[in-house]
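Residue numbers (the working numbering): 113 to 290. Don't be surprised by glycine CBs; every beta carbon is placed ideally from N, CA and C.
Here is the structure:
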């Protein structure tokens, strides 16, 4: 194609002067129109978009700070709750230990009281048995003496006193022998 244009002799790189002037004026009008009408709107749109993005970034940063503060508060509350739970557990253990010690002391005291009462009961029964044995021994002695002397001394108070004195004398001797 270049070859065809070269043969015709019509190969021009630069436009005619009137076309060049007209194109320059049109380009100038276009540049002025772009500078006056389009670029300010485009600049305003970019500034609005930048401000909106900046506002969103600031809001996100503020929200992050608030979330960090809330998280820290929850961590502190959790630590406080853990400390409170540990305190309650320790207090429960102390209470349980105290209660157990009280129950053991009370059980030991009751056991000692039972032993003391049992010892008192045994001593009382022993004293009653000794008294009954003395009475029976006295009656048997009187009956034996009555048979020996062939008299009925059972109602005789003097004979009873004599036998009681003999039993007391026997009781005072360490081995029970006269």
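Practice problem: Say whether the stretch 242-251 touches the stretch 272-288, bearing in mind that this needs 3 or more beta-carbon pairs closer than 8 Å, one atom from each stretch. | Solution: yes
* Taking just the CA atoms, how far does residue 236 sit from residue 242? -> Residue numbering aside, residue 242 sits at position 130 when the chain shown is read from its first letter. Residue numbering aside, residue 236 sits at position 124 when the chain shown is read from its first letter. Their backbone Cα atoms lie some 10 Å apart in a straight line.
Between residue 178 and the rest of its own chain, which residues show a CB-CB distance below 7 Å, the 5 nearest in sequence each way excluded? Locating residue 178 in the chain shown gives position 66, counting from the first residue. Here the set comprises nothing.
>> Only counting the same chain, and skipping five residues up and downstream in sequence, which positions put a Cβ closer than 8 Å to that of residue 215?
In response: Stepping through the chain shown from its first residue, residue 215 is reached at position 103. Nothing meets the Cβ criterion.
Check your understanding: The alpha helix (DSSP H) spanning residue 275 covers which residue range?
Key -> Your numbering for residue 275 matches position 163 in the chain shown. From DSSP, the alpha helix (DSSP H) with residue 275 extends over 269-284.
Can you give me the Cβ contacts of residue 114 inside the same chain, cut-off strictly under 6 Å, excluding the 5 residues immediately before and after it? As a working note, residue 114 is residue 2 in the chain shown. With a pLDDT of 48 at residue 114, under the threshold of 50, the modelled position of this residue cannot be trusted, and the question is left open.
Extract the residue ranges of the beta strand (DSSP E) inside the stretch 132-195, only unbroken runs of 3 or more that lie entirely within it. none
Discussion item. Please report the distance separating the alpha-carbon of residue 213 from that of residue 245.
Written reply: On the chain shown, position 101 is the one that residue 213 refers to. On the chain shown, position 133 is the one that residue 245 refers to. Cα-Cα distance, rounded: 47 Å.
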